[in-house]
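So in the numbering used here the end of the sequence shown lands on 220, straight run, no missing numbers.
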Amino acid sequence: MTPTITAFERSPDGGKGLARDTRVRWALEEVGQPYEVRLVSFQAMKQPAHLALHPFGQIPTYQEGDLALFETGSIVLHIAQRRAGLLPGDANARARAISWMFAAVNTVEPPILELATARILESDKPWTRERLPLVMDRVRDRLKQLSARLGDADWLDGAFSAGDLMMVSVLLRLRMSGILDEFPNLSAYVARGEARPAYKRAFEAQLAVNTGKHPVG
Ligand code: GTB
């Protein structure tokens with residue numbers, strides 16, 4: 004059965020690939036799973052029909068037969084468990100790859116989101132000028148640790164895995180801030196992720212939506 008995901012009818016980033024449907028598209032492309040996309044407006048996301056799929060009224064969601072999922076971590080894990088290509092066969096290596104998925108969303112993404120909130124949603128607040136350097140330092144602290152662990156390896160733990168897919172997706176959000184450039188091995192890591200043919204297909208697909216080349220359904 005072909006899964007259907009949801010994505011923004013128009014992403015606020017205009018197609019830079021930062022909305023979270025991109026990581027789900029990327030996972031589907033990595034495993035060669037065809038998929039369909041249902042585009043939803045901000046208004047529709049808050050209506051009962053969408054809330055039944057996503058309790059927080061967000062995108063992306065994932066539907067496959069009578070299975071409905073939300074949260075990109077769980078969606079990507081589901082895809083990775085169903086089809087080969089994103090998780091190692093060895094049980095211990097598989098468990099470690101899943102740890103990196105959790106680390107991406109639970110340990111590295113929170114300070115990055117805090118930075119995005121400070122820069123975008125709180126930019127007009129009088130305390131933001133003072134707070135921003137603190138938030139940036141919290142991001143730097145995490146990146147320092149991640150950079151030390153990655154070292155000169157291509158990927159976090161052996162071959163590319165769902166852990167790298169999630170981590171690269173999370174780090175991409177930092178590109179505009181310039182902080183990533185302070186860590187050349189992390190910049191190169193992100194660039195390696197973006198160079199993967201599956202990522203390129205996912206990126207192009209979301210870009211087509213946001214440049215009006217995809218019919219709104
Ligand atoms: N933890 C959830 C997950 O990983 O699935 C978070 C889902 C989420 O934040 N979804 C956002 C959403 O639906 C879209 S991705 N927001 C609408 C709402 O809450 O009303 C977040 C996002 C949005 C826009 C940009 N951008 O324009 O740069 C980047 C990221």
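Each residue gets a CB set at the ideal place from its N, CA and C atoms; glycine is no exception.
Check: residue i C-beta below 7 Å from any heavy atom of the ligand GTB
{"i": "PHE105", "result": "no"}
{"i": "PRO15", "result": "yes"}
{"i": "ALA156", "result": "no"}
{"i": "GLU12", "result": "no"}
{"i": "THR75", "result": "yes"}
{"i": "LEU146", "result": "no"}
{"i": "ILE62", "result": "yes"}
{"i": "ALA22", "result": "yes"}
{"i": "PHE45", "result": "yes"}
{"i": "MET48", "result": "yes"}
{"i": "LYS216", "result": "no"}
{"i": "LYS19", "result": "yes"}
Boundaries of the beta strand (DSSP E) in which residue i is found, first to last residue
{"i": "ILE8", "result": "7-11"}
Same chain, Cβ closer than 8 Å to residue i, neighbours up to 5 away in sequence not counted
{"i": "MET4", "result": "GLU67 and GLY68"}
{"i": "ASP127", "result": "none"}
{"i": "VAL173", "result": "ALA107, VAL108, VAL111, GLU112 and ILE115"}
Endpoints, the alpha helix (DSSP H) within which residue i is located
{"i": "THR131", "result": "131-153"}
{"i": "GLU32", "result": "24-33"}
{"i": "LEU42", "result": "It is not in any alpha helix (DSSP H) - LEU42 instead sits in the beta strand (DSSP E) that spans 39-43."}
{"i": "ARG190", "result": "Looking at the sequence provided, one finds Ser at residue 190 rather than Arg. SER190 -> alpha helix (DSSP H) spans 187-197."}
{"i": "PRO178", "result": "Rather than Pro, the amino acid found at residue 178 in this sequence is Arg. Careful: ARG178 lies outside any alpha helix (DSSP H) and carries neither H nor E."}
{"i": "LYS203", "result": "200-213"}
{"i": "PRO114", "result": "112-119"}
Close beta carbons around residue i, own chain, < 7 Å, minus the five adjacent residues each side
{"i": "GLU12", "result": "LEU42, VAL43, SER44 and VAL219"}
{"i": "GLU125", "result": "THR131"}
{"i": "ARG134", "result": "ALA121"}
Contacting residues, own chain, Cβ-Cβ under 6 Å from residue i (five flanking each side not counted)
{"i": "GLY20", "result": "PHE206 and GLN209"}
{"i": "LYS49", "result": "GLY60"}
{"i": "SER77", "result": "none"}
{"i": "VAL171", "result": "VAL193 and GLY196"}
- Contiguous alpha helix (DSSP H) assignments of at least 4 residues, all confined to the segment 51-104: For secondary structure counted as the alpha helix (DSSP H) over 4 or more consecutive residues, the segment 51-104 holds these complete runs in sequence order: 51-54 and 75-85.
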